[in-house]
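Chains as they are written, first to last, in my numbering: chain H, 27 to 330; chain X, -7 to 444.
Quick look at the structure:
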């Protein structure tokens, strides 16, 4: 028997190899997704069609009733608007902060210390971080002492305390600061690794040609690590679309800080249909980004 | 040598297994009062002092023989379970029935039991079983419960289409306001007995430069529930208990003019710095426990706080030097036509002689005084009045006895999305939002939550 014959496998054997992985994927990913999608067309008990919740004389989308809720309910509209705001503010903020620290830390001797400090919040549970920041933002409206750090400082300086978490217009940004604090370290680590991977010859050549550090950064470094920046950005978009812990712990979605995932969580026990419709909607939002990310990854692999 | 090693391994394995088994073993059914240590030293002497007709032999065993088993299910454990056992004790002593108790908070456990081997009697903190097991439940009147010992509204609360299926045996009231008698005396304030007097007192306090209320209601994801209790009391004053029950059942829309009126009163008190600590910002940001403390701190930041009975315990914990009745006390919400509170309901699945005898005992004068003596919150039974040994309970009992109705806490009773929408509406209204707009969203959630 020739070696080629031994090496050749039948049509069945490869499937056997991937069977364990396939099983895991089917049980933990495919089945839940299918089931969630089915439930999103049912009513709040998960047993009857969603159209049953329609009120005669009012707009109704039939079996898509839960999606009508997802897209038009005032609470949901607030949540959608806030998620968009989170994306617009926090994605650039985390990526920019991460890049800035990565570039600057690269130039100093205590780089690992800086990076450790910036990365540290990632080690804290997000719930814990939310609790910590609640104290940072705490306000004492009566005569007792300000125990919140920010208001403590404000009052010491003779200013009025600010209700960071309950004042519309401020509270969403106050929450985003916490998000940035948590996630900037993640961006920094990946971007820093990409920077370290840049061939020194190119940078030296640029310097020899008389490029300033500013030019070096914008014309050489950024273009070269652009693929990584893109991956980090899309990852952050996915993470922020699903943002939940911070809002849940710090405001519970009150005071106009509602986000999509918090609505989903609040409804899961009482209204399966709506909750799963929101889940499917979130999934639909993230899928294109996932595909893009995987696509980029494959391209990069192919280039190597 | 090898055998020794093997034996040792076996030993380790056995120890491990037995530890595992011990860990898995269900908690001992603590209840069976037959094996209970002697009852607490409550007056075992002749109980009758003020009401001569109540005498000990009033317990009717209704043919239940000694050794008969009675299965009961409840959510109580620990100190609460001790109290219910103390209440069962006279009955057990008189009839020799042995009580087999199961304690669970899990509605799923109840469901399984009802479908397989239902307990004879069930004590449950909601009336949810009424709709779930309407057909399996026995009519309490037919079992021998004495309806005459209860105000009509108690019986109504547990009746489904003419059948009397549940009876609140234990109740606690929430329609109370805590204050500092010392401060009231210092400023010459008197405890109001009507809503007009309360309103006047509030204005008087403002005129004196005092802050009347501490309305802080921050409570994480449940922020707003304290406001919900306050508004329900205002509704009980302005509209009455039937109106509140209508809100719960959906017969009255949550954006009705009556609700708007209650919100207006509440918002006036809870969003202005002259009426409450820190104004609207204080109300939405101050944790509800801190709100209680502010009335009893030195110097106090406010004169009154509307909070349920647990506030007394919180004050005692936070300020161990303060004395109940002197430094802190409470009065029933003035002018409330009916009380807001929580209740535990007695329901019966079995109609054995022992079950009949127990139902008869618990609804009798004898059962009521045992309940009051045990101090297990309040008994709605008329005969419990005057039998309480605890001063705070006695005072609450007096308020309850004079109540024209009883409504469960709306926020706890309605479907969760409606409850949450209500809290949101309160927060919005306090923060200066338009009341009508805020209530419209809650009314939508009410309709959606109650529709099938």
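Where a beta carbon is used, it is the ideal one built from N, C-alpha and C, also for glycine.
Bear in mind the structure is a predicted one, so any value in this text is a computation, not a measurement.
Inter-residue spacing [alpha-carbon to alpha-carbon] between residue i and residue j
i: residue 213 (chain X); j: residue 225 (chain H); result: 51 Å
i: residue 442 (chain X); j: residue 436 (chain X); result: 10 Å
i: residue 116 (chain X); j: residue 339 (chain X); result: 8 Å
i: residue 102 (chain X); j: residue 96 (chain X); result: 8 Å
i: residue 203 (chain X); j: residue 168 (chain X); result: 18 Å
i: residue 279 (chain H); j: residue 288 (chain H); result: 7 Å
i: residue 74 (chain X); j: residue 364 (chain X); result: 14 Å
i: residue 403 (chain X); j: residue 145 (chain H); result: 42 Å
i: residue 318 (chain H); j: residue 324 (chain H); result: 10 Å
i: residue 153 (chain H); j: residue 269 (chain H); result: 12 Å
i: residue 354 (chain X); j: residue 390 (chain X); result: 20 Å
i: residue 425 (chain X); j: residue 328 (chain X); result: 27 Å
i: residue 310 (chain X); j: residue 285 (chain X); result: 7 Å
i: residue 360 (chain X); j: residue 142 (chain X); result: 11 Å
i: residue 69 (chain H); j: residue 201 (chain X); result: 54 Å
i: residue 52 (chain X); j: residue 352 (chain X); result: 8 Å
i: residue 155 (chain H); j: residue 174 (chain H); result: 15 Å
i: residue 341 (chain X); j: residue 105 (chain X); result: 11 Å
i: residue 84 (chain X); j: residue 345 (chain X); result: 13 Å
i: residue 76 (chain H); j: residue 66 (chain H); result: 8 Å
i: residue 103 (chain H); j: residue 243 (chain H); result: 40 Å
Same chain only: Cβ atoms within 6 Å of residue i, ignoring 5 sequence neighbours per side
i: residue 300 (chain H); result: 92, 95 and 293
i: residue 311 (chain H); result: 267
i: residue 213 (chain H); result: 120, 121, 124 and 258
i: residue 129 (chain X); result: 157 and 339
i: residue 207 (chain X); result: 262, 268 and 275
i: residue 122 (chain X); result: 152, 157 and 158
i: residue 82 (chain X); result: 362
Neighbourhood of residue i by C-beta, 8 Å cutoff - its chain only, sequence neighbours within 5 removed
i: residue 188 (chain H); result: 165, 176, 177, 180 and 196
i: residue 257 (chain X); result: 226 and 230
i: residue 250 (chain X); result: 227, 230, 231, 235 and 244
i: residue 218 (chain X); result: 207, 208, 209, 211, 280, 283, 298 and 299
Close-in-space but distant-in-sequence residues of the same chain around residue i (CB under 7 Å, 5 per side omitted)
i: residue 203 (chain H); result: none
i: residue 58 (chain H); result: none
i: residue 264 (chain X); result: 271
i: residue 88 (chain X); result: 58 and 59
i: residue 326 (chain H); result: 253
i: residue 62 (chain H); result: 302, 305 and 306
Contacts that residue i makes with chain H (C-beta to C-beta distance below 7 Å)
i: residue 269 (chain X); result: 167 and 168
i: residue 407 (chain X); result: 296
i: residue 284 (chain X); result: Those do not exist, as residue 284 (chain X) stays about 12 Å from chain H at its closest Cβ, beyond 7 Å.
i: residue 451 (chain X); result: Residue 451 (chain X) cannot be examined here, being either before or after the span of chain X that is shown, -7 to 444.
i: residue 306 (chain X); result: Near residue 306 (chain X) there are no residues of chain H at all, since even the closest Cβ is about 16 Å away, more than 7 Å.
Per-residue contacts from residue i into chain X (C-beta, under 9 Å)
i: residue 104 (chain H); result: Chain X residues near residue 104 (chain H): none, gap ~10 Å exceeds 9 Å.
Chain-ordered neighbours of residue i on chain X, where CB pairs are closer than 8 Å
i: residue 278 (chain H); result: 212, 213, 214 and 215
i: residue 192 (chain H); result: 273, 276, 277 and 423
i: residue 331 (chain H); result: Residue 331 (chain H) is absent from the model: chain H starts at 27 and stops at 330.
i: residue 90 (chain H); result: By Cβ distance, chain X contributes nothing, its closest Cβ being about 17 Å from residue 90 (chain H), past 8 Å.
i: residue 161 (chain H); result: Neighbours of residue 161 (chain H) on chain X: none; closest Cβ ~12 Å, over 8 Å.
i: residue 274 (chain H); result: 213
i: residue 231 (chain H); result: Within chain X, no residue comes near residue 231 (chain H); the closest Cβ sits about 57 Å away, beyond 8 Å.
i: residue 189 (chain H); result: 273, 276 and 277
i: residue 182 (chain H); result: Residues of chain X passing the Cβ test: none, with the nearest at roughly 19 Å.
Residues that residue i contacts on chain H, provided the C-beta gap is smaller than 8 Å
i: residue 419 (chain X); result: 280 and 281
Closer than 9 Å at the beta carbon, the chain H residues around residue i
i: residue 293 (chain X); result: 168, 169 and 170
Beta carbon proximity, residue i to chain C, threshold 7 Å
i: residue 107 (chain X); result: No chain C appears in this structure, whose protein chains are H and X.
Q) Which ranges would you report for the alpha helix (DSSP H) in the segment 132 to 156 of chain X if only whole runs of at least 4 residues count? A) 132 to 135 and 144 to 149
Q: Would you check if there are 3 or more beta carbon pairs closer than 8 Å linking the segment 267 to 279 of chain X to the segment 165 to 175 of chain H?
A: yes
Q) Looking at C-beta atoms only, is the number of pairs between the segment 322 to 337 of chain X and the segment 387 to 401 of chain X that lie closer than 8 Å three or more? A) Short answer: they touch.
Q: Can you check the segment 230 to 315 of chain H for any beta strand (DSSP E) of at least 3 residues that lies completely inside it and give the ranges in chain order?
A: Runs found: none.
Q: Output the residue ranges of the alpha helix (DSSP H) runs that lie fully inside the segment 114 to 166 of chain H and measure 4 residues or longer, sorted by chain position.
A: 137 to 145 and 152 to 163
Q) Pairing CB atoms from the segment 146 to 160 of chain X with CB atoms from the segment 377 to 395 of chain X, are three or more of them under 8 Å? A) no
Q.
For the structure I just gave you, are there three or more beta carbon pairs, one from the segment 224 to 236 of chain X and one from the segment 301 to 314 of chain X, closer than 8 Å?
A. no
Q: Could you say if the segment 248 to 258 of chain H and the segment 215 to 225 of chain H meet the contact criterion of at least three C-beta pairs nearer than 8 Å?
A: yes
(Q) Give the list of continuous beta strand (DSSP E) stretches no shorter than 3 residues that lie fully inside the segment 157 to 215 of chain X. (A) 158 to 165 and 168 to 171
Q: Specify whether the segment 210 to 225 of chain X and the segment 177 to 197 of chain X touch according to this definition: at least 3 beta carbon pairs, one from each stretch, less than 8 Å apart.
A: no
Q | In chain order, each beta strand (DSSP E) run of at least 3 residues that lies wholly inside the segment 71 to 111 of chain H | A | none
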